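Visitor: One structure follows; several queries about it will come next.
In structure tokens, the structure reads:
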């Protein structure tokens with residue numbers, strides 16, 4: 021069976037991880053990695069997520085824009101104001117139509133090793149919201165993690181790598197509001213390099229990060245070689 025999914029984060033942020041199983045196919049999407057890494061300025065912890073070892077790795081320096089020219093804002097173009105942020109309310113359900121995901125969301129905290137905890141393997145089709153970060157719709161980057169697979173086969177985020185810019189992600193919150201995010205990019209990061217500033221934090225406009233593991237299967241405590249992260253920005257909110 022796979023090792024636990026893990027993803028490191030700064031001590032003030034959060035973490036992840038994953039374990040063994042057949043290597044998930046790359047799906048033709050090329051990996052996007054940081055151009056350079058810097059030594060950790062703060063202690064990192066592992067963010068436990070899968071049962072197929074997938075730790076997020078060391079934090080890295082600022083990354084250049086990696087989108088295609090059509091995704092870049094045109095010089096001098098007027099930018100529409102971002103939708104307003106919402107008060108805190110925990111997420112209860114995640115829907116990602118493009119990859120046929122409709123799954124409950126349970127809060128996950130930190131495991132004993134300081135990593136982010138994850139849903140147990142017998143609930144590998146559920147997702148986990150990192151409850152030490154913002155809730156979806158609040159300012160900052162909310163994090164939802166999920167297993168890529170288990171000994172029984174594909175899990176909730178098996179097809180995460182197939183998301184494309186423009187795909188929508190809907191998060192239903194406990195207050196019954198639905199927060200709609202639009203995918204900006206899907207990127208692969210070696211576990212030894214994680215752009216922590218892009219993944220964690222309570223500053224800035226509301227955003228969402230979906231995290232799983234992927235890339236080549238290494239096995240052992242490493243599991244998969246990479247972490248797969250879907251970066252998404254707030255697009256709209258709906259009230260009941």
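Residue numbers (our numbering): 21 to 260. Quick reminder that beta carbons are idealized off the backbone N, C-alpha and C, glycines included. Bear in mind the structure is a predicted one, so any value in this text is a computation, not a measurement.
1. For residue 214 and residue 163, what's the separation of their Cα atoms in angstroms?
2. What do you get for residue 173, buried or exposed, if any count of 16 or more other CB atoms within 10 angstroms of its CB means buried?
3. Smallest Cα separation from residue 20: which of 251, 232 and 195?
4. Tell me whether residue 237 sits in a helix, a strand or coil according to DSSP, three-state version.
5. How many Å lie between residue 121 and residue 229 at the Cα?
6. Below 8 Å on the Cβ atoms is my contact criterion, and I expect residue 108 with residue 114 to pass it. Report the Cβ-Cβ distance as a whole number of Å.
7. Expressed to the nearest angstrom, what Euclidean distance is found between the alpha-carbon atoms of residue 191 and residue 238?
8. Can you name, in chain order, every residue of its own chain whose Cβ lies under 6 Å from the Cβ of residue 198, other than the five neighbours on each side?
9. With 16 as the cutoff for other CB atoms within 10 Å, does residue 256 come out buried or exposed?
10. Roughly how far, in whole angstroms, is the beta-carbon of residue 254 from the beta-carbon of residue 225, given that I think they are within contact range, below 8 Å?
11. Looking only at its own chain, which residues have a Cβ that is under 7 Å from the Cβ of residue 100, when we skip the five neighbours before and after it?
12. Within 10 Å of its beta-carbon, does residue 245 have 16 or more other beta-carbons around it, so buried, or fewer, so exposed?
13. Starting from the N-terminal side, write out each stretch of the beta strand (DSSP E) that is 3 residues or longer and does not extend beyond the region 92-175.
14. Taking the alpha carbon of residue 243 as the reference point, which residue from 129, 210 and 179 has its own alpha carbon closest?
15. How many Å lie between residue 181 and residue 260 at the Cα?
Guide: This is what the structure gives:
1. 14 Å
2. exposed
3. Not covered by the structure: residue 20. The range shown for the chain is 21 to 260.
4. strand
5. 15 Å
6. At roughly 17 Å, the Cβ-Cβ gap does not stay under 8 Å, so residue 108 and residue 114 are not in contact.
7. 33 Å
8. 190, 192 and 258
9. exposed
10. 6 Å
11. Reliability fails at residue 100, whose pLDDT of 39 lies under 50, so the model's placement of it is uncertain and no value is given.
12. buried
13. 111-116, 121-128, 147-150 and 161-166
14. 210
15. 31 Å
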